[in-house]
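Order-wise, the sequence lines are chains A, B and C.
In terms of numbering that gives the first Met the number 0, the first sequence opens at residue 0 and continues consecutively.
In terms of numbering that gives the first Met the number 0, the second sequence opens at residue 0 and continues consecutively.
In terms of numbering that gives the first Met the number 0, the third sequence opens at residue 0 and continues consecutively.
Quick notes on the structure that follows.
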Amino acid sequence: MNDAAGSVLQEAPEQPLLFMLNGEQQRVWVSARNTLTEVLRERLGLTGTKHGCELGECGACTVLLDGNPVLSCLLLAVECEGRSVETVEGMMQGAKLHPLQSAFAELGGTQCGYCTSGVLLTAKALLERQPAATRGQIREALSGNLCRCTGYQQIFESVEEVIRHMQGKPAEPGSAS
Amino acid sequence: MSKRDKFRVVGKPRARIDGLSKTTGQTRFADDITLPRMLHCKLLRSHVPHAEILDLDVSRAEAMAGVHLILTGEDFPVTYGILPVSQDERALCKNKVRFVGDPVAAVIAVDEDTAERAARSIDVRYRPLTTVSDPVKALSQDAARLHDYGEEGNIHRRLAYSFGDVDESLADSAHVFEDVFFYQGNTHLALEQHAAVAAADPEGRVTLWSSTQCPHYVHRALSKALELPTTQIRVIACPNGGGFGGKTDVFNHEIVVTKAALRCGRPVKICLTREEVFYCHRGRHPVLMKIRTGVSADGKLTGMHLQTLLDGGAYGSYGVASTFYTGALQPVTYHLPRYRFDACRVFTNKPPCGPKRGHGTPQPRFGQEIQLDKIAEKLNKDPAELRLDIVEQPDTLTANYLKIGTIGLAECIKRVVARSKWQDKHRKLPFGRGVGIACGAYLSGAGHAIYWNKMPHSGVQLKLDRSGSVTVFCGSTDIGQGSNDVLAVIVAEVLGICPDNVRTVTGDTALTPVDLGSYSSRVTLMTGNAAIQAAERARDLLAKAVAEQLEVPGETLLFADGCVFDPADPDSGVSFEQAVVAAESRFGTLGTVGSYAPPRPEARFKGGGVGPSPAYSYSAAVVDVEVDPETGMIIVNRVYIAHDIGRALNPVSVEGQVVGGVYMGLGEALMEEQVFRRMPPKLSDALVHRCPSMLDYKSLSSLDMPEVIVELVENPDPNGPFGAKEVGQGPLLPIMPAVANAVYDAVGVRIDEVPITPEKILKGLDQKARGGEGRVGPADFPDIQWPEPYFVPPPWEGGDGQSTNDPEQKRAATMHKMDRTTAS
Amino acid sequence: MMRLPDFRYYAPQTLQEAANILADQGPTASLIAGGTDLLPKMKRRQQEPETLIALNNIRQLKEIGNGPGLRLGAGVTLSDIVADQRLEEDHRALWQAASQVATPQLRNTATLGGNLCVDTRCTYHDQSFEWRKAIDFCIKQDGETCWAAPTSDRCWAVSSTDSAPALIALGAEVRLVAASGERTVPLEALYRDDGALYLTRQPEEILAEVILPSNAKWRSTYWKLRRRGACDFPILSVAAALRSDAGGTVREARLVLGAISSSPVLCNDVAALLIGNRLSDDLIEEAARLAGASARPKENTDAPAYWRRRMAVPMVTWALKELRGDDMCDERRRLAGQAASMSHEPQSSQTTNEENPK
């Protein structure tokens, strides 16, 4: 354990990091010890990515790395060189909401909103892989995103509503209540 | 009013007004705030459970580059506490630390890393004191006293109340049931870690942004602890990333950063780690309880004697209120002709307990609902029928003088019984499958503020202008439960506009009228009533102006769909915007206020202030489980829950609260526990939190959550806004006992404690296989020296809500006499 | 926010380069692949390597290749394994193990090599620096006492890898590469029954590859015990693999218990009992009892030792019954929601169809 009096290593020099962030080229100076959560929130001001433990235990910091949900608290930012990162801020296409964003608002998929960014990105990746995901597959896909408010049920219903919508089916009667 | 029979907004499922800001990541939580030149704070916390601080050397830390300020206990001479009766906390410990995690110093530095490194280089010398870990032992560990206040030794508070002569009732009863239960402590685990930012302005005023549920109480506490006039302080409650009661207290880190910002002249931020959040705690008290209940031959309750022992942890917090709440609400569900309760809270060297969803009531509810199951079995009655026969009646004054208005409990029971096909399942399913039923009741807001005053509990200001926009100002705090939406729904309903056209400004002590905070399920009812009053006053102004313009009587005007019109001649109406213009032209700048204070309680005895509420919500649940006798694993197949909401303002939010409550209840029933490791005393004095992490503190993942079938019972309560009652806490209450009862139905094992874990099931089954009773739970309740109870005859025994003996007065008189004797 | 300590960072492109850096930097360097085990430990200051050598840029570590059996690069992610149909069909124990590690997000970055080398776990050790200071540390690091067994002079931290028991049952070997040369050893030889020094990997060695024998006629299975349906490390696991002849007589067998001591436990006595016999109920019962006798867990995981010990017998029973061909879907479902990940059908009890309770 290094403490103040001990031999703290000299702070490593920062290096430039170039990656795609929400569809745009992003350059930022980072230190090797910076996690992607830190860089997004503290360097780039993208505070939509949350943190609930910083140890990979809650899923709040989930982002998409090359389209796959990963935990940004356990990802060294330097590992993102040349790769593509998507955060909740990148889910809207221009002024258009992603269907998951509206469904979660409509159907109670978000309460306090703290797990929401991570849940939305995880769900987005799921729908791209399994556009007709069943309740069981949704449960499985979201099993790394802890939510303390909703009991998950309205999250499932929100995702299912989007699936129905994508399949051109009418909304489930009473799905909002 | 007849015009409101058909609601246009109330009762319609819709996206809450802040829904999209959450799904786009735009909601700004406390830790999302960054200010120019902001410094960062880290706390050094005690690593010993109970010790005197002999020496605290900050010189190495102070010398580190980037360190701006170090604060210690010396900087905080004034103590504070959320309750006036327990002013026992300091922002930083001065002479003594009382649990692992108690903060002793704060470092403010250029960044979090530097602050953390500096904090670790502070040298503290401790002189260990005896560790108090077991609440039963704490009753007699007088020597190792944590605080020099309280009743005696480590007993923080003892209560005793007798509403009629219970012993007499029990002696006359056909049956007397006596059971002992234990409810393990657990914590809120809101996903957001507490964070706070403070910034001072050049005039010496300071603003604190914090993830708090109660900005008003934080405001008052900051004033006291920092010896600053309240006029110099502004507290802004950021949207909370979940609260569940965990952010209702005033926290040391809030006081520290406020002081630091004033001292440094720069903004100061702190965000706690998850482990530190476990140390803030203020969660569910572990409660050991004994319940003796008299039952008539036909299954009616004749009286109940409840005794509780609460493990309070190291500080008072809301503990005295929690202690009262372990007894206060028992009589509001089932009719209890006589009732006695004794409660005792002790201090131990653990993080302080306080209010968590259900505050003090889930523990005795767990015990009583299991005991009712046992009673039903003994009397060979169906547990649902038994409950239906004893539910309390509407418009009743209970034995302990709580005024009940509407009560939809019977309907709740009938609904879950029907929906779950209870009659086909209970005692009829094969071994390993079972169903259990339980009920609960909760407050829609506490009848009193935590400090005594005659002012409103909730205030609303409404601003309307010629743009047609409406802004609601209210001190309430959205913790994820949807309280901003409640304001918008109500104002929109009254003014006949769309909720999306209502802006809310909330939780800011400088801008918004006082609301006491998001606790005790008070917000919908209290802010709702205040909002109705303000909106009706605004509507009256608009109606008057429009009536003059249309030359019709104001009373006939209808406000609906963004228009103001005479229903007899709808085409002649004006738009809402035009109505505001007319009113602003007529009356000048428009603004109205509304406020709400609960009705005066009926109780006149000391302590009767805990329990009264303008309305009580009710819930009933049936839980359907599978229990694997080989593994002890409990699989909850489905939960059926009915909740008496009075009226659902936004059914999406209401259902979300119900399912969320079920979720948290299942966590408490099956796996959540805030437990501690006492190291072998021969080797170590350590007493540490066993699992201060999201991984080891188990909460249900999406794969563990069963389907929940929700039934809303809408029976409007005259005291609720449009009849609405609470939903944030009540639905949790029946879940834990319903699981326990379902487990019994499945495998015949009684688990009289939570969490109900696989190993307890296996132990119970083993015991049964060896011819034992197949019960896992506490063996006995300790002997506690109870004070003489306040004796209050119930209303039906000629009582008037006053105590016929006032032991407090008697005790004071004796003390006075003793003092005089000693002095002479 | 919990932050990482400082370190030097290298991201070599080839295995040889990585091995050279490792040799050069000595034991103060750590390898990092997914980082899902190492980074939390670094944030808690359980490990503070001065140098991290990232393996993610080394393409050859990411390959799944054919051979006599199958060769899996150590850098293959657990999600890659879950997505691989050959593994799902032919090396089911591994597929089932990988599917149940942690959470989907973590499986997307966590690698096979990382899971094989995952640090042993203990509730007295997987805590922050301050917490560990409060108990005066422990024998795994910085302290003298094993708080899980205070009279013992060794560390009892628990082997917490899901993939190792499965791969040992499947007879896998691992290739370890160092600057000075390489060696291939049976996977079980990678582990030592000591929570503090749980690997036989030398500090300069890189676990490069897992080599699976051709198991055409083998059937295998993996059963995991944990409190919840996701997130949790195993607190007991059973991996078993069998080759039976046409008549159902067991010809070869391997059974491994995981997460019960500091290394995976290969139960040769159980294998010997099974070989030459048909899997009758009686034989399975005897085998389970025998395997269960070797389960002597300590009180140092997130579930009580009593439960873990009790669960060995039923879990071995189910594993063997499943290999016999019995339908064990219901047992899997009851074991913390396993069916969702183990079968292709959604769980019937969790569908929205209310009138169809299981």
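The C-beta atom is built at its ideal place from N, Cα and C for all residues, glycine as well.
- Proline 382(B) has its alpha-carbon roughly 22 Å from the corresponding atom of proline 754(B).
- The beta carbon of valine 8(B) sits closer than 8 Å to the beta carbons of Val488, Ala491, Glu492, Cys497, Pro498 from its chain, once the five residues preceding and following it are set aside; these are given in chain order.
- Taking each of Arg307(C), Glu321(C), Ile210(C) in turn and checking the Cα distance to glycine 68(C), the smallest one comes out for Ile210(C).
- Runs of the beta strand (DSSP E) lying entirely within the segment 228–280 of chain C and spanning at least 3 residues, in chain order: 235–243, 249–257.
- A distance of 8 Å or more separates the beta carbons of glutamate 752(B) and glutamine 362(B).
- The beta-carbon of threonine 108(C) is placed less than 8 Å from the nearest beta-carbon of chain A.
- Residues are counted here when their Cβ sits less than 8 Å from a Cβ of chain A; for the segment 211–240 of chain B these are Pro238, Asn239, Gly240, given in chain order.
- In terms of beta-carbon proximity, glutamate 53(A) lines the interface with chain C, with at least one pair separated by less than 8 Å.
- Threonine 102(C) places its beta carbon 8 Å or farther from that of glycine 150(A).
- Closest in C-alpha terms to tryptophan 795(B), from the list Glu226(B), Thr395(B), Ala197(B), Glu787(B), comes Thr395(B).
- Here glycine 241(B) is not near lysine 355(B), since their CB atoms are 8 Å or more apart.
- Contact check for tyrosine 441(B) and asparagine 528(B): beta-carbon distance about 18 Å, past the 8 Å limit, so the pair fails to qualify.
- With its beta carbon at least 8 Å from every one in chain A, methionine 327(C) lies outside the interface.
- Considering only beta carbons, the part of the segment 213–242 of chain C lying closer than 9 Å to chain B consists of Leu224, Arg226, Arg227, Gly228, Ala229, Cys230, Asp231, Phe232, in chain order.
- For the set Pro613(B), Arg689(B), Gly439(B), the Cα lying nearest the Cα of glycine 660(B) is the one of Gly439(B).
- Taking 9 Å as the cut-off between beta carbons, the residues of the segment 5–32 of chain C near chain A are Asp5, Phe6, Arg7, Tyr8, Ala10, Ile31, in sequence order.
- Those residues of the segment 97–130 of chain C placed with their C-beta closer than 7 Å to a C-beta in chain B are Thr122, Ser127, Glu129, Trp130, ordered along the chain.
- Fully enclosed beta strand (DSSP E) runs of no fewer than 3 residues occupy 338–345 of the segment 332–392 of chain B, in order along the chain.
- Counting C-beta pairs closer than 8 Å gives three or more between the segment 26–38 of chain A and the segment 71–81 of chain A, which meets the contact rule.
- The C-alpha of glutamate 49(C) lies about 9 Å from the C-alpha of proline 26(C).
- Counting along the chain, the unbroken beta strand (DSSP E) around glutamine 14(A) starts and ends at 14–20.
- Nearest CB-CB separation between glutamate 85(A) and chain B: not below the 8 Å threshold.
- Residues of the segment 51–62 of chain C with a C-beta less than 8 Å from any C-beta of chain A: Leu51, Ala53, Asn55, listed in chain order.
- Glutamine 460(B) and valine 592(B) have their C-alpha atoms some 4 Å from each other.
- For glutamate 274(B), the CB contacts under 6 Å within the same chain, skipping 5 residues up- and downstream, are Pro691 in chain order.
- Within the same chain, Cβ atoms closer than 8 Å to the Cβ of leucine 699(B) are found at Tyr662, Leu665, Gly666, Leu669, Met670, the five residues on either side in sequence being excluded.
- Leucine 300(B): member of the beta strand (DSSP E) spanning 300–310, first to last residue.
- No residue range can be given for glutamate 672(B), since it is assigned to no alpha helix (DSSP H) and is classified by DSSP as neither H nor E.
- Residue contact check for proline 185(C) against chain B: no CB pair falls below 8 Å.
- Taking a contact as a CB-CB distance under 8 Å, the pair leucine 287(B) and proline 777(B) counts as one, their CB atoms being some 6 Å apart.
- In the structure shown, glycine 572(B) adopts extended strand secondary structure according to DSSP, grouped into three states.
- Annotation for histidine 215(B): the continuous alpha helix (DSSP H) segment containing it runs 214–225.
- Only buried fits aspartate 484(B), as 16 or more other CB atoms lie within 10 angstroms of its CB.
- Between glutamate 37(A) and lysine 42(C), the CB-CB gap reaches or exceeds 8 Å.
- Straight across, the Cα-Cα distance linking serine 161(B) with arginine 386(B) is about 24 Å.
- Contact annotation for lysine 42(C) against chain A: Glu53, Leu54 [CB-CB distance below 7 Å, chain order].
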